[in-house]
Structure formats: C-alpha cells, structure tokens
Amino acid sequence: MSNHYHLLVQTPDGNLSRCMRHLNGVYTQRFNRHHGYDGQLFRGRYKAILVEEDHYLLELLRYIHCNPTKAGLVKDIDAYRWSSHHGYAADQKSWDWLHREPLLKMFSDVRCKAFAEYRDFVCQEESEEIQHFFSLKNLPSILGSEHFINTIKETFGSLHKNLELSNRAVLSVDGQAVIQAVCTVCNINKEQLFAVRRGVVNVPKDLAMYVLRVHSQKTLKEIGTVLKCNRYSTVCTAISRFESMMEGDGAVRRLYERVCREMGIGQP
C-alpha cells in the first residue's frame with residue numbers, strides 16, 4: 124500500500140519484535156539514502172495480530188491480497204505489482220523465495236490444482252466476520268474463534284484491553300447428529316447430503332458445515348472428514364457462503380434455526 128504494508132508471517136521462535144525492528148530499520152535506511160531524507164520513516168510501532176490457523180488463515184490471505192482493489196489503487200489484483208498474490212496465482216520461479224507451501228496445501232496437495240483453487244478462492248467475497256474485524260477502529264490483538272482466544276488467555280494471561288471475544292457458542296455437538304438433523308429438516312437422505320454436482324450449491328451440506336463450525340470445536344479438516352469433503356478451501360468457502368446466504372435469505376436462516384431446534388442447541 125502507499126503508506127503501510129501487511130505481512131502474514133509465522134514465528135516459531137516468537138521473535139517477531141526483533142524481526143520487525145530489523146526489517147523496518149533496514150528499509151528506512153535504504154529509503155532515506157535513496158531519497159535524501161533523514162530521520163524516522165514509520166509512525167509508531169507495528170500492529171501485530173495473532174491469527175488462528177484453522178479457517179482464518181486463508182481468509183486473512185485473501186483480505187491482504189484484495190486490499191489494493193478495495194483501496195481503489197487498481198481494479199484487478201493482478202495489476203498490483205507490490206503483492207505476493209502473483210506468487211500464489213501461478214507457479215513462478217521468481218517467487219520461490221516465498222514460503223508458500225503451507226498455504227497452497229490448504230487448497231490442494233497437487234501443486235497445479237492449488238494455484239487454480241487459490242485463484243477461485245481469492246475472487247470470492249470475504250466473510251462478514253473478516254469484514255467486521257477489520258472495520259473496527261481499534262483492531263483486536265487476536266483473530267480467531269472463542270475457543271482459540273480463551274486458550275490463549277489461559278495460557279499466556281491477560282491480553283490487550285481491545286481484545287474482542289467472538290459471540291460464537293462453542294458446544295460439543297456430534298457430527299453424525301448434525302447430519303441426521305439436517306437430513307430431517309431438509310427432508311433428504313445422506314446420499315443427497317453428500318452429493319457433489321459441479322456448479323450447483325448443495326445448501327444442506329453448506330448448512331451442516333456451518334452448524335459444525337459454529338457449534339463445535341472441530342477444525343475445518345475434521346468438518347471436511349465428517350461431510351466427505353477433503354479440501355480445506357472448499358469447507359472454508361462453504362461456511363462463508365452459507366453465512367452470506369443467511370443474511371440475504373430468510374428461508375435459509377429458518378433452515379438453520381430449525382436444525383438448532385431439532386438438536387436442542389441455542390443459536391449464537
């Protein structure tokens with residue numbers, strides 16, 4: 124961006140402060156030398172947000188890569204030069220320095236398919252949860268589920284006062300119970316629930332994934348296993364898609380409410 128930048132990094136050694144001090148320091152020196160400036164370049168300390176890997180990581184990747192278009196800098200993210208989007212959109216040797224494999228494998232273990240899955244994913248609309256998170260004036264220090272946030276609090280003590288807990292009610296609902304409830308409410312059998320038809324949205328299946336995401340502690344991989352979907356990105360997309368459908372379609376919202384009543388669980 125013109126006045127700031129975003130980094131998505133993994134820090135196994137917990138040395139983020141040292142890394143950022145070095146990165147910003149070296150960049151400032153070179154920038155000032157090139158432009159004949161002197162003094163401080165960046166205003167204040169960087170903002171660090173701890174991100175839950177499951178579900179939120181790909182959403183954040185999409186947010187970062189789509190930021191230039193939302194800011195009006197370009198109409199198409201392919202036209203924005205200063206972005207790692209190009210390294211995820213195609214297998215280019217010039218991007219081999221970037222540690223892309225962990226994220227690409229969330230789309231597919233087959234490399235060429237992973238690039239194609241990424242391109243499809245980044246063109247889809249952001250989840251409302253991500254939009255709400257980054258619309259806040261004071262960004263929370265953690266992006267994740269309530270369970271994840273509570274775990275961090277219990278492990279590392281009190282966090283920044285701006286930390287916001289999600290209103291997601293995490294309950295231990297059983298995967299098979301969700302399948303049965305969705306089949307009952309939607310008047311379908313399991314074969315229809317698991318059916319995959321190219322270009323056709325399976326609303327009951329999306330509903331089941333959404334219920335498991337909201338009312339259980341299962342990871343996206345575990346949700347995919349329950350519903351016979353082996354692609355991380357597909358599960359992530361289905362959950363976001365159903366969330367959007369509920370906002371714009373009262374009938375879809377009522378399906379979710381009926382499943383909750385069928386299972387005897389509360390809504391978040």
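Sequential numbering from 124 applies to the sequence shown in the working numbering.
Beta carbons are placed, not taken as given, at the ideal position from N, Cα and C, and that holds for glycine.
Contacts around residue i, its chain only, beta-carbon distance under 8 Å, and the 5 residues preceding and following it disregarded
i: LYS313; result: ILE302, CYS306
i: GLN163; result: THR151
i: ALA300; result: MET386
i: ASN155; result: ASP161, GLY162, LEU164
i: CYS189; result: ILE200, VAL245, GLU249
i: PHE317; result: LYS328, LEU350, LYS351
Own chain, CB closer than 6 Å to residue i, minus 5 neighbours either side, in chain order
i: ALA212; result: ARG242
i: ILE346; result: MET332, LEU335, VAL358
i: VAL349; result: GLY298
i: ARG168; result: none
i: ALA237; result: LEU227, PHE230, SER231
Burial state of residue i, where buried means 16 or more other Cβ atoms lie within 10 Å
i: TYR333; result: buried
i: GLU251; result: exposed
i: ARG336; result: buried
i: TYR203; result: buried
i: ASP372; result: exposed
i: CYS235; result: exposed
i: PRO263; result: buried
i: SER258; result: exposed
i: PHE365; result: buried
i: ASN325; result: buried
i: GLY322; result: exposed
i: GLY426; result: Only positions 124 to 391 of the chain appear in this structure, which leaves residue 426 out of reach.
i: HIS255; result: exposed
i: SER363; result: buried
i: VAL319; result: exposed
i: ALA194; result: exposed
i: HIS338; result: buried
i: ALA374; result: exposed
Element boundaries [alpha helix (DSSP H), containing residue i]
i: ASP243; result: 234-245
i: VAL326; result: 326-338
i: CYS383; result: 373-386
i: ASN273; result: 269-279
i: THR307; result: 298-309
i: THR151; result: 139-158
i: GLU249; result: Where GLU249 is concerned, there is no enclosing alpha helix (DSSP H), given that its DSSP letter is neither H nor E.
i: ALA212; result: 208-212
i: VAL349; result: 343-349
i: GLN315; result: 313-317
i: LEU164; result: Segment: none, LEU164 is in no alpha helix (DSSP H) and carries neither H nor E.
Whole-angstrom C-beta distance between residue j and residue i, which should lie under 8 Å
i: LEU131; j: LEU183; result: 6 Å
i: LEU221; j: GLY210; result: 5 Å
i: MET229; j: LEU181; result: 6 Å
i: PRO191; j: SER207; result: The pair is not a contact, with the Cβ atoms about 12 Å apart (cut-off 8 Å).
i: ARG354; j: GLU249; result: With 8 Å as the limit, ARG354 and GLU249 do not qualify as a contact, their Cβ atoms being about 19 Å apart.
i: LEU173; j: ILE265; result: 5 Å
i: VAL296; j: ILE388; result: 6 Å
Own chain partners of residue i with C-beta closer than 7 Å, once the 5 adjacent residues on each side are dropped
i: THR342; result: ASP177
i: GLN247; result: THR360
i: SER356; result: LEU181, MET229, PHE230, GLU240, PHE244
i: MET143; result: TYR169
i: ASN147; result: PHE165
i: ILE187; result: HIS129, LEU131
i: LEU139; result: ALA171
i: ARG223; result: GLY210, TYR211
Minimum Cβ-Cβ distance from residue i to chain D less than 7 Å
i: CYS383; result: No chain D is present in this structure, which holds just one protein chain.
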